[in-house]
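Right, one structure below, let's go through it.
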Amino acid sequence: MQKPKLVYASYIRTTPKKLWGAITQPEFTRQYWGGFANVSDWKKGSRWQHLNPEKEVWITGQVLECKPPRRLVLSWADPDKLTDVSRVAYEIEAIEDMVCLTVTHDKLKAGSKMLRGVSWGWPRVLSSLKTFLETGKGLNIFCKH
Amino acid sequence: MKNEQFVYVTYIRTTPEKLWQALMDPEFTQRYWLQTRQESDWKPGAAWRAVAPNGQAIISGEVLEIEPPRRLVLTWRNEMKPEQRAEGYSRVTYGLEKQGASVRLTILHEMDKPGSKLLQSVSDGWPLILASLKSLLETGEPLEETRRYVAC
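Chains as they are written, first to last, in the working numbering: chain W, 1 to 145; chain P, 1001 to 1152.
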């Protein structure tokens, strides 16, 4: 049976270069990703980490492919469950004055906590990313009421 | 029969009331939805259409449920492409839920035909239209690509 896969496409009024920076630079990710930072030197084979505001590692993985500003592929795992590794691909395509960003999260385990978490999270994070790039201020994505 | 569906969730910095109006007011929809105007009385059982600048209905259907500003259910048939028109009516559910200073908008588009061409086409179309709607509500300007009518 095929493993669950999430695909989320968004169109953002920005440039591929600015979008790339917003995904890979902690000073930007913090502004739309609930204070979290994506940290790495973004070279193929390097480690990357997703850190909360207290600098605790929430997600860790490897940079599988890195072609700025078009394509970034990462492995993705909970540091407490390193046997359970999924994969995230960011693809960036310029169209007129905007950019199409497609995030594909695959190799997820059916019924897993990670699948539930990322299904909840990606629409929030990517909505907030678009708002951040277009207005300068992200959404309060972890608001629950 | 297999029930095929497309689901898209987006968060928009606005109020449920403003978003509700943005989905139905023809003066507003034509700004982010390829210059098409939504026409209906917006009552259960009423007809609704999306109308191109030349007056032609490109989508038509019926209002099944309407509960402002939270839930709208429509039937939806493509009137432009014979292949899609022949598939008959699909069903769209708009769900709006306030989340702090934002609104979560959920689109569920369903078609009870496996391999539906209509569902494939709307799965490509919704992310762009909803991105432009979000830009218009948050910045006052829709996305350039959605400002002109293109036969779809």
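Note that the Cβ used here is the ideal one computed from N, Cα and C, for glycine as well. This structure is a prediction, so every number in the text was calculated from the model and none was measured.
Can you check whether the C-beta of residue i is within less than 8 angstroms of a C-beta belonging to chain W?
i: S1135 of chain P; result: yes
i: R1077 of chain P; result: no
i: L1023 of chain P; result: no
i: S1102 of chain P; result: yes
i: E1138 of chain P; result: yes
i: L1128 of chain P; result: yes
i: E1145 of chain P; result: yes
i: A1131 of chain P; result: yes
i: M1001 of chain P; result: Low local confidence applies: a pLDDT of 42 at M1001 of chain P is under 50, so the model's placement there is unreliable, with the coordinate-based value given in what follows. Chain W, which has no Cβ nearer than 8 angstroms to the Cβ of M1001 of chain P, makes this no.
i: R1091 of chain P; result: no
i: V1122 of chain P; result: no
i: V1051 of chain P; result: no
i: T1015 of chain P; result: no
i: V1150 of chain P; result: no
Suppose the cutoff is 6 angstroms on Cβ atoms and the five residues either side in sequence are ignored; what does the same chain contact list for residue i look like?
i: L115 of chain W; result: P4, L108
i: V118 of chain W; result: H105
i: V88 of chain W; result: L74, W76, H105
i: E93 of chain W; result: C100
i: T1106 of chain P; result: V1009, G1095
Give the straight-line distance between the Cα atoms of residue i and residue j, rounded to the nearest whole angstrom.
i: T1146 of chain P; j: T1010 of chain P; result: 18 angstroms
i: T29 of chain W; j: I1058 of chain P; result: 40 angstroms
i: S178 of chain W; j: G1055 of chain P; result: Residue 178 of chain W lies beyond the stretch modelled for chain W, which goes from 1 to 145, so this question has no answer here.
i: A9 of chain W; j: P1127 of chain P; result: 6 angstroms
i: T1139 of chain P; j: S1132 of chain P; result: 10 angstroms
i: F1028 of chain P; j: R1148 of chain P; result: 14 angstroms
i: V1092 of chain P; j: E1065 of chain P; result: 10 angstroms
i: S1135 of chain P; j: E96 of chain W; result: 16 angstroms
i: T135 of chain W; j: A1086 of chain P; result: 43 angstroms
i: K1117 of chain P; j: K55 of chain W; result: 47 angstroms
i: V1051 of chain P; j: G1125 of chain P; result: 16 angstroms
i: A37 of chain W; j: S112 of chain W; result: 24 angstroms
i: V39 of chain W; j: D80 of chain W; result: 18 angstroms
i: V63 of chain W; j: P1082 of chain P; result: 46 angstroms
i: P69 of chain W; j: G1061 of chain P; result: 42 angstroms
i: R1031 of chain P; j: I1129 of chain P; result: 10 angstroms
i: D41 of chain W; j: E91 of chain W; result: 19 angstroms
Excluding the 5 residues preceding and the 5 following residue i in the sequence, name in chain order all residues of the same chain whose CB lies nearer than 8 angstroms to its CB.
i: K144 of chain W; result: Confidence in K144 of chain W is poor, its pLDDT being 47 and thus under 50, which makes the residue's placement unreliable; the coordinate value appears in the next sentence. Around K144 of chain W: no qualifying Cβ.
i: S1123 of chain P; result: F1006, H1109
i: S1090 of chain P; result: T1075, W1076, R1077, H1109, E1110, M1111, S1116, L1118, L1119, V1122
i: K67 of chain W; result: none
On the CB-based measure, 16 or more other CB atoms within 10 Å of its CB, does residue i come out buried or exposed?
i: S46 of chain W; result: exposed
i: M1001 of chain P; result: Its pLDDT being 42, under 50, M1001 of chain P is placed unreliably in this model, and the coordinates cannot settle the point.
i: R13 of chain W; result: buried
i: A110 of chain W; result: exposed
i: N52 of chain W; result: exposed
i: W120 of chain W; result: exposed
i: W76 of chain W; result: buried
i: Y1008 of chain P; result: buried
i: M1080 of chain P; result: exposed
i: W48 of chain W; result: buried
For residue i, decide whether its Cβ has a neighbour in chain P, counting only Cβ atoms nearer than 8 angstroms.
i: I95 of chain W; result: yes
i: R116 of chain W; result: no
i: K130 of chain W; result: yes
i: Y11 of chain W; result: yes
i: T14 of chain W; result: no
i: H145 of chain W; result: The pLDDT assigned to H145 of chain W is 36, lower than 50, so where the model puts this residue is not dependable, and the model offers no usable value.
i: T29 of chain W; result: no
i: P4 of chain W; result: no
i: S112 of chain W; result: no
i: E54 of chain W; result: no
i: E134 of chain W; result: yes
i: S127 of chain W; result: yes
i: R47 of chain W; result: no
With a CB to CB cut of under 7 angstroms and the five nearest residues on each side skipped, what residues in its chain are close to residue i?
i: V1063 of chain P; result: S1040, W1042, K1043, P1044, G1045, A1046, W1048, L1074
i: K1018 of chain P; result: L1137
i: L133 of chain W; result: I12, T14, K18, L19, A22
i: Q31 of chain W; result: F132, G138
i: V1150 of chain P; result: L1034
i: P1053 of chain P; result: Q1035, Y1149
i: Q1038 of chain P; result: M1024, P1026, T1029, W1048, A1050
i: W1020 of chain P; result: P1068, P1069, L1096
Does chain A have any CB closer than 8 angstroms to the CB of residue i?
i: L139 of chain W; result: Here chain A cannot be found, since the structure's protein chains are W and P.
I'd like to know if the segment 126-141 of chain W and the segment 1071-1078 of chain P are in contact, where contact means that at least 3 CB-CB pairs between them fall below 8 angstroms. Under the three-pair Cβ rule at 8 angstroms, the segment 126-141 of chain W does not count as touching the segment 1071-1078 of chain P.
Is the segment 1012-1020 of chain P close to the segment 1095-1115 of chain P, with three or more CB pairs under 8 angstroms? Taking 8 angstroms as the limit for Cβ pairs, the verdict is that the segment 1095-1115 of chain P does touch the segment 1012-1020 of chain P.
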